[in-house]
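First comes the structure, then the notes that go with it.
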Amino acid sequence: MAQKQIQEQKLTQQQKLTQTITQQQLLATQLTELPVTQLLERINMEMNDNPALETSAEEPLDNLDNLDPLENLDTNKNSTDDYEQEERQSALDAALESIGRDDEDLPVYQGGYSNQEEREEMVYGQTVSFFDLLNDQMNMAPLTEQERDIMEYLIGSLDDDGLLRKSLDSISDELAIYHNTDVTPHQIEQVLRKLQDFDPAGIGARSLQECLLLQVERREPSRLKELMTLTLNQYFELFTKKHWDRLRQVLKLSELQADTLIKELRKLNPKPGASISETVGRSLQQITPDFIIDTHDDGTVTFTLNNSEVPELHISQSFTDTLQQYQNDKEHMSRQMKEALLYTKKKVDAAQNFIDAINIRRHTLTVTMRAIIQWQHRFFEEGDEALLRPMILKDIAERTGLDASTISRVSNSKYAQTHWGTFPLRYFFSDGYVTQEGEELSTREIKAALREIIESEDKRKPLSDRQIEVLLIERGYPIARRTIAKYREQMGFPISRLRK
190 MAQKQIQEQK LTQQQKLTQT ITQQQLLATQ LTELPVTQLL ERINMEMNDN PALETSAEEP
250 LDNLDNLDPL ENLDTNKNST DDYEQEERQS ALDAALESIG RDDEDLPVYQ GGYSNQEERE
310 EMVYGQTVSF FDLLNDQMNM APLTEQERDI MEYLIGSLDD DGLLRKSLDS ISDELAIYHN
370 TDVTPHQIEQ VLRKLQDFDP AGIGARSLQE CLLLQVERRE PSRLKELMTL TLNQYFELFT
430 KKHWDRLRQV LKLSELQADT LIKELRKLNP KPGASISETV GRSLQQITPD FIIDTHDDGT
490 VTFTLNNSEV PELHISQSFT DTLQQYQNDK EHMSRQMKEA LLYTKKKVDA AQNFIDAINI
550 RRHTLTVTMR AIIQWQHRFF EEGDEALLRP MILKDIAERT GLDASTISRV SNSKYAQTHW
610 GTFPLRYFFS DGYVTQEGEE LSTREIKAAL REIIESEDKR KPLSDRQIEV LLIERGYPIA
670 RRTIAKYREQ MGFPISRLRK
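Going left to right, the sequence shown walks through residues 190 to 689 as my numbering numbers them.
Below, the structure is given as structure tokens:
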């Protein structure tokens with residue numbers, strides 16, 4: 190009997206969810222991520238590019254240290270004061286001169302403030318070490334348990350400049366020997382790439398060249414960014430030896446273009462760790478807060494967006510009138526008039542999209558800050574770090590209805606001025622520690638108690654981790670000794686015999 194082959198056709202229905210992001214959503218996302226100082230720069234740049242966009246302010250938008258323009262190049266510079274630029278240039282010059290002298294440390298980048306100036310301009314509030322800042326960012330990053338262990342070790346291996354001087358092979362060996370963690374140098378490098386996405390830019394670089402390139406990578410796409418990357422990648426030796434004329438020749442730039450390129454390169458920071466000094470408090474004097482938070486006598490907490498310098502934008506009346514005129518006369522339009530209509534409509538639409546994106550940014554920041562204040566109300570009332578509740582991105586995302594990635598963008602680059610000091614929004618986020626009884630405690634609260642115990646101990650007889658464990662339990666923090674050792678290392682406190 191012949192075998193029959195039976196072919197069957199089946200019609201199946203599959204539900205697939207896809208998501209596409211529009212140009213308008215992308216623009217709103219980009220503006221939401223910007224702190225207020227960079228937002229002013231972006232508005233300034235947008236108004237220069239689009240004549241249909243105007244400001245209602247009587248005074249023109251502040252010119253934020255605009256450089257001499259490159260021909261067809263986007264300068265996209267960061268706003269810094271002249272003194273800081275000189276300091277950074279000096280540090281970079283010294284760093285370039287020390288290339289090839291492995292046994293000599295790079296010079297420390299200082300803020301240049303005298304003791305008196307420091308006292309006068311210091312931002313009051315709980316100071317947090319540079320390594321605490323990195324650990325806070327790590328706690329907000331989506332990492333596996335193994336990646337978190339590697340990240341902690343990498344952060345602990347950074348020098349005071351924020352650079353990684355150890356080889357990945359050495360770190361792999363140390364993790365295997367001292368932490369019983371068997372990972373390859375390649376796996377470590379994957380985690381290092383995530384660390385290099387943290388702030389400030391350049392953190393975790395393994396050389397001066399990589400440090401500068403990491404900073405350039407964060408710039409908006411532009412011809413200037415391409416030239417900076419090309420210089421650091423292919424002509425780094427010319428750059429380090431300051432052979433500016435030769436660099437201008439190989440890049441085929443005019444004098445003005447070369448001067449602007451060099452000026453931008455010299456602003457890069459060779460010491461991203463030292464640039465924010467030893468504490469957040471010392472660096473916040475240069476920060477413009479995005480939120481102003483007030484705590485009233487009756488315990489009410491209110492806030493405003495720091496939009497005093499942000500102008501009200503509107504579409505140029507002349508463009509609106511021209512667009513209306515062209516649309517009313519479509520039937521008798523020449524080709525030239527049609528081209529003018531398309532140009533006018535394009536500029537008007539772009540201006541309206543930008544205004545809408547600014548409004549979306551304002552709404553996003555408002556609902557996010559409101560949710561944070563509601564969650565951490567007791568802290569804003571009293572300013573005690575121990576009152577900060579465990580709070581993660583998901584908590585605020587659920588309360589606002591926004592995506593967790595949006596909350597991350599808002600909190601990653603914004604600062605809030607309070608009665609108790611000026612803090613990065615990341616400061617208000619922390620993981621929770623769940624005790625055996627099911628009680629959830631803030632890791633920040635535990636660390637505050639741990640810091641107080643260590644700083645008040647008898648330095649002639651420092652406390653062991655076991656003794657600290659007993660004292661924390663007495664204070665209502667039933668934390669295991671191993672966890673205490675972990676937090677102590679994160680906070681930069683050595684073991685007891687090294688604290689004498």
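We put the CB at the ideal spot given by N, CA and C, even for glycine.
Rounded C-beta distance between D545 and Q227? I'm assuming under 8 Å.
-> With a Cβ gap of about 19 Å, D545 and Q227 do not count as contacting.
For the region 604-612 and the region 659-668, state whether three or more C-beta atom pairs, one from each stretch, are separated by less than 8 Å.
-> These segments do not touch.
For L323, which of P683, K689, E641 and Y616 has the nearest alpha-carbon?
-> Put simply, of P683, K689, E641 and Y616 the residue whose alpha carbon is nearest the alpha carbon of L323 is Y616.
CA-CA distance, E658 and L502?
-> The alpha-carbon atoms of E658 and L502 are separated by roughly 58 Å.
CB-CB under 8 Å to I673, same chain, minus the five flanking residues each way: which ones, in chain order?
-> Excluding five sequence positions before and after I673, the CB atoms of its chain that fall closer than 8 Å to its own CB belong to L639, D654, I657, E658 and L661, given in chain order.
For the alpha helix (DSSP H) holding P613, just list the boundary residues, first then last.
-> No alpha helix (DSSP H) contains P613, which is instead part of the beta strand (DSSP E) from G610 to P613.
Three-state secondary structure (DSSP) at G300?
-> Its pLDDT being 31, under 50, G300 is placed unreliably in this model, and the coordinates cannot settle the point.
Per DSSP, what kind of secondary structure is E453 in: helix, strand or coil?
-> Looking at E453 - three-state DSSP - the assignment turns out to be helix.
Taking the C-alpha atoms as reference points, what is the distance between N328 and I360?
-> Going from the Cα of N328 to the Cα of I360 covers about 21 Å.
Can a CB atom of chain B be found closer than 8 Å to the CB of E646?
-> Chain labels in this structure do not include chain B; a single protein chain is all it has.
Rounded separation between T477 and T611 - CA only | Approximately 9 Å, taken between the alpha carbons.
Within 10 angstroms of the Cβ of H532, are there 16 or more other Cβ atoms? Answer buried if so, exposed if not.
-> It is Tyr, not His, that sits at residue 532 in the sequence shown. Flag for Y532 reads exposed.
Neighbourhood of A669 by C-beta distance below 6 Å, restricted to the same chain and skipping five residues each side | When the five nearest sequence neighbours on each side are left out, no beta carbon in the same chain lies closer than 6 Å to the beta carbon of A669.
Alpha carbon of T489 to alpha carbon of A540, nearest angstrom = Cα to Cα, the separation comes out at about 38 Å.
Distance between L401 and G351 (C-alpha atoms, nearest Å) = Whole-angstrom Cα-Cα distance: 12 Å.
Buried versus exposed call for L687 [16 or more other C-beta atoms within 10 Å across all chains shown] | Residue environment: L687 is assigned as exposed (fewer than 16 neighbouring CB atoms within 10 Å of its CB, all protein chains considered).
Report back the beta-carbon spacing between I504 and L242 to the nearest angstrom; my notes put them in contact at under 8 Å.
-> Right, their Cβ atoms sit about 7 Å apart.
Helix or strand or just coil, what does DSSP make of Q606?
-> Strand at Q606.
Count the other CB atoms within 10 Å of the CB of S523; is the residue buried (16 or more) or exposed (fewer)?
-> Exposed, because fewer than 16 other Cβ atoms sit within 10 Å of the Cβ of S523.
Please look up how many angstroms separate the CB atoms of F508 and V537, rounded, as I've assumed it's under 8 Å.
-> So it is a contact: roughly 5 Å between Cβ atoms.
For Q679, I'd like the list of residues in its chain whose CB is within less than 6 Å of its CB, leaving aside the five on either flank, ordered along the chain.
-> Contacts found: N324.
So, V405 versus Y424, is the Cβ gap smaller than 8 Å?
-> Their beta carbons are not under 8 Å apart, which means V405 does not touch Y424 by this criterion.
Confirm, please, whether the CB-CB distance from Q385 to I377 is below 8 Å.
-> No. Outside cutoff.
Quick one: is D479 buried, meaning 16 or more other Cβ sit within 10 Å of its Cβ, or exposed?
-> It counts as buried.
List the endpoints of the continuous beta strand (DSSP E) containing L427.
-> Counting along the chain, L427 sits inside no beta strand (DSSP E); it lies in the alpha helix (DSSP H) bounded by residues F425 to T429.
DSSP three-state assignment for S287, whether helix, strand or coil = Note on S287: pLDDT 48, under 50, position unreliable in the model; no value is reported.
Who does L502 pair with in a DSSP beta bridge?
-> Under the DSSP definition of a beta bridge, L502 partners with T244.
Pick from L421, E336, H521 and E415: whose alpha carbon is nearest that of K383?
-> When each option's Cα is compared against that of K383, the closest is E336.
Find out if the Cβ-Cβ distance for the pair T420, L442 is shorter than 8 Å.
-> Here T420 is not near L442, since their CB atoms are 8 Å or more apart.
Rounded to a whole number of angstroms, what is the C-alpha to C-alpha distance between L253 and T555?
-> Its pLDDT being 30, under 50, L253 is placed unreliably in this model, and the value from its coordinates should be taken loosely. It is roughly 25 Å from the alpha-carbon of L253 to the alpha-carbon of T555.
Which residue from A593, I562 and D592 puts its Cα closest to that of R578?
-> Answer by Cα proximity: I562.
Please classify M580: does DSSP put it in a helix, a strand, or coil?
-> Collapsing the DSSP output to three states places M580 in a strand.
From the DSSP output, in three-state form, read off I668 for me.
-> Three-state DSSP puts I668 in coil, outside helix and strand.
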